[in-house]
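Here the structure comes first, spelled out in structure tokens, and everything after it is commentary.
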């Protein structure tokens, strides 16, 4: 009864996807709500996922020549205002500090919503000559955006992220770095998070405030909605001119630097939930699973069972992150809990198994049960974790592909969005008006102009004028 | 000429210790100043030290059963006010957020100066029964205290730290955890940072706002001033009562939890500078040196020299964090720069060395030059890094001991502080009045009542009444 109850408490994703999501973040103990409206507590099980994301992404950054730094969390108002488009984009959604201690501040400051202006202010004094370039810096920190509607991981007033900010001698180098970092994100999402992405460029309407070009990786969630999962911006020399960041070339002429920025956030944890989760709870790809294997002893009070469980934990700790659930709950309860928390593998071992020199492995993703000899447990666990990682990506890709449609006429386009959910590929003339029309008609936005272009027809799906680009459209988080 | 200039630009520590410190943090490129008054930019060379501190301390935390979490950066004013002593201690030095976006907030919030109140608010809902205890949580984040006078790493309006916050079923368990974490800090400082510390308890006057007891690790800087390097607080059930954090015991009675908190900050980087630095610059203990060995090629334009340098880098990267300085600066300039940045070892290699199958290793701490065969370079580098780590701690301990004095009478006490600087051990009656008197007379504060007590006399060094404790006194940062 108790075992069943725990499972029943999760809403089915087909019934109410939003409630299913909320149930998982709470029941898998990833986050908790707080007295601070719109902000969340990231609990140990959630934060451990973020730590694995940080470690593996940071390693890729370092291999790409990125150095970590830390800049202040406050931005004086005059600094925020230096770049016109940027301040217009962010000023309406920042938190303002007006008092320090008992005194009012001479100039109010906002808590950083992003740090372009601070990096510019720093680079202005830090960069003098071509010898100082490129600067390829990143910081891991939290940022604040005063959102009205919030959801754990997906949209909260404070969130954790990394923000890379670079400065280069030439436009070409800045463009190359912008694309390089987008590729780092795409590879990371596919190889570590098992989430396939569409890489492409944002339209003028959807690009970042102050950028010349914004690139994005877009993922498809289980409910067919799109999630912008990482962005990389090329600023050209716009910020450099606003902040006067010049360097002396080899021939002593002064030039403006070209800049980029790029970031991913704790929203990636939301993506993990919505791409891989099922009605039993979270399903974590092994590479970001804080616990990869949970050993559940059966009849653990019988002599030798717990000892064997601990022995297996010690034996397996070389190939996996392992825990033994030795609490006094029933095995059934432990199975449900292991499923809810998304451990990629569970290992069941009881007196009969020990006698037979065997144990049972259960895959979280497929729920397949595999009986194996204790002699081969290490190699089998290691192999299964690889298989799960690989197959989770394949399944996510198959789901994404099955929910990606093409439309040539506006009727087709509307029919798809009215009946189904997913990505729709369609041609576009390049006009803001068509984007606005499509949004008004269907609550659908342009996700990106993919790097891999196809020619579906000659004309814009909306207005019928000559098309310039194929666009992925979708309903977005 | 150029080589000499770089060295000359550092003020000698005997001439002006404060200026020497400032010169090092700038010339070793650890920090930069910003437009945000009282805040700093931590540059790559400084942040890489913090990353090594984080990694090694976090590993020790995890071995001690600590789990990482993340709580909001904002504290609503009503939450901050719940514990009377705590709000009195912190309210005068917090930054207040009054507007979110374009709207004034209904209740203003401060940026966390420390997160006791947020953890209490979280634990109140998270802890129900004895099964939920202990909670041993920690977060790595930044905090803000609106200091009037600031110095890089030592005191700034925003700084990075970790803050552990725990909840326990009994007073004994809370006390044991408080001391356990102080010991983690003491071991970490000695083994990793090569900084010896005095462990002890703060007096009533010096303890943390809201704590029943505060424990501290105190280190002595090169100029004889003390630096509080880490603290651990036992709150008893004071916060639990203020926030109503109760749990059901096994017999179903409700009890208040007992809580602790403990933290270290980027101030540890200031300690590294002031304990180990010299007039040539920074000196980093190998375990926190982002670069442990710098290879400097001599006559690098001659054929084979750079190739050999890269070959050595690849060979040595298994035993040390290595870089090759292959810039077009002169070797003399590179030597000065390697010394300024505190790399524990430098390796010099030129055409004659290559011919003879040799190279020269130079220790940063002693500046000793050691000629070795290229065949033994791996084992020698590995051994030298161990030796340097060990001897840096020994030298720091010898310096500390040589600057630790004892005083029985107040005349002796005053004479020492008027003529010398360092720790002075002296007996104390336990009265706040004597602490105030000593501070008024000598600008000296009680650093701690050490765990290792000695009986120097029967009477208080200040008032002559019966003594209860031996205290370490000092001038503090």
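Protein chains in written order, with this note's numbering: chain A, 1 to 477; chain B, 1001 to 1477.
For glycine and all other residues, C-beta sits at the position ideal for the given N, C-alpha and C.
- Residue contact check for residue 20/A against chain B: no CB pair falls below 7 angstroms.
- Distance from residue 87/A to residue 113/A at the Cβ level is roughly 11 angstroms; contact not present, criterion being Cβ atoms closer than 8 angstroms.
- In chain order, 1070 make up the part of chain B whose C-beta sits under 8 angstroms from the C-beta of residue 160/A.
- Residues of chain A with a Cβ closer than 7 angstroms to the Cβ of residue 1347/B do not exist; the shortest Cβ-Cβ separation is about 23 angstroms.
- Taking the C-beta atoms as reference points, residue 1018/B is found no nearer than 7 angstroms to residue 1029/B.
- For chain B, the residues of the stretch 82–101 of chain A that bring a beta carbon within less than 9 angstroms of one of its beta carbons are 91, 92, 93, 94, 95, 96, 97, 98, 99, 100, 101, in chain order.
- DSSP places residue 1064/B in the coil class of the three-state scheme, outside both helix and strand.
- Counted as a single uninterrupted DSSP element, the stretch harbouring residue 1127/B is not any beta strand (DSSP E), since DSSP gives it neither H nor E.
- Membership of residue 391/A in the alpha helix (DSSP H) is indicated by the continuous run 377–402.
- Collapsing the DSSP output to three states places residue 138/A in a strand.
- Under DSSP, residue 177/A shares a beta bridge with no residue.
- Rounded to whole angstroms, residue 399/A and residue 477/A show a C-alpha spacing of 18 angstroms.
- The residue among 241/A, 336/A, 434/A with its C-alpha nearest the C-alpha of residue 279/A is 336/A.
- Inter-residue distance for residue 1202/B and residue 1432/B is about 12 angstroms (C-alpha atoms, whole angstroms).
- It is roughly 40 angstroms from the alpha-carbon of residue 1283/B to the alpha-carbon of residue 1097/B.
- Unbroken beta strand (DSSP E) runs of no fewer than 3 residues, entirely contained in the stretch 1434–1460 of chain B, are found at 1445–1450, following chain order.
- Taking a Cβ-Cβ cut-off of 8 angstroms, the neighbours of residue 32/A in chain B comprise 1122, 1125, 1126, given in sequence order.
- Note on geometry: alpha-carbon atoms of residue 1381/B and residue 1392/B lie some 16 angstroms from one another.
- Not flagged as an interface residue toward chain A: residue 1245/B, since no C-beta distance is shorter than 7 angstroms.
- Rounded to whole angstroms, the gap between the alpha carbons of residue 1394/B and residue 1287/B is 15 angstroms.
- With the rule of 3 Cβ pairs closer than 8 angstroms, the stretch 232–242 of chain A does not count as touching the stretch 426–441 of chain A.
- Taking C-beta separations shorter than 7 angstroms and ignoring five residues to either side along the sequence, the partners of residue 413/A in its chain run 407, 424, 426, 461, following chain order.
- Residue 258/A holds the alpha-carbon nearest to the alpha-carbon of residue 130/A among 258/A, 390/A, 445/A, 21/A.
- For residue 1053/B, no chain A residue has a C-beta closer than 9 angstroms to its own C-beta; the minimum C-beta separation is roughly 13 angstroms.
- If you compare the alpha carbons of 1140/B, 1285/B, 1032/B, 1099/B with that of residue 126/A, the shortest gap goes to 1032/B.
- Burial is judged here by how many other beta carbons sit within 10 angstroms of a residue's own beta carbon; residue 352/A has fewer than 16 and is exposed.
- CA-CA distance, residue 1465/B to residue 1474/B, rounds to 21 angstroms.
- Non-local C-beta neighbours of residue 82/A in its own chain, meaning closer than 7 angstroms and more than five positions away in sequence, comprise 117, 242, 243, ordered along the chain.
- Taking 3 residues as the minimum length, the beta strand (DSSP E) runs contained wholly in the stretch 1141–1226 of chain B are 1158–1168, 1198–1201, 1213–1220, in order along the chain.
- Under the three-state reduction of DSSP output, residue 309/A falls in the helix class.
- Taking C-beta separations shorter than 7 angstroms and ignoring five residues to either side along the sequence, the partners of residue 1458/B in its chain run 1466, 1467, following chain order.
- Contact holds between the stretch 59–70 of chain A and the stretch 130–141 of chain A, because three or more Cβ pairs, one in each stretch, are under 8 angstroms apart.
- Judged by DSSP in its simplified three-state form, residue 1102/B adopts coil rather than helix or strand.
- Per DSSP, the beta-bridge partners of residue 423/A are 404/A.
- According to the DSSP assignment, residue 346/A belongs to the beta strand (DSSP E) that extends over 345–349.
- Within chain B, the C-beta atoms nearer than 7 angstroms to that of residue 35/A come from 1076, 1079, 1121, in chain order.
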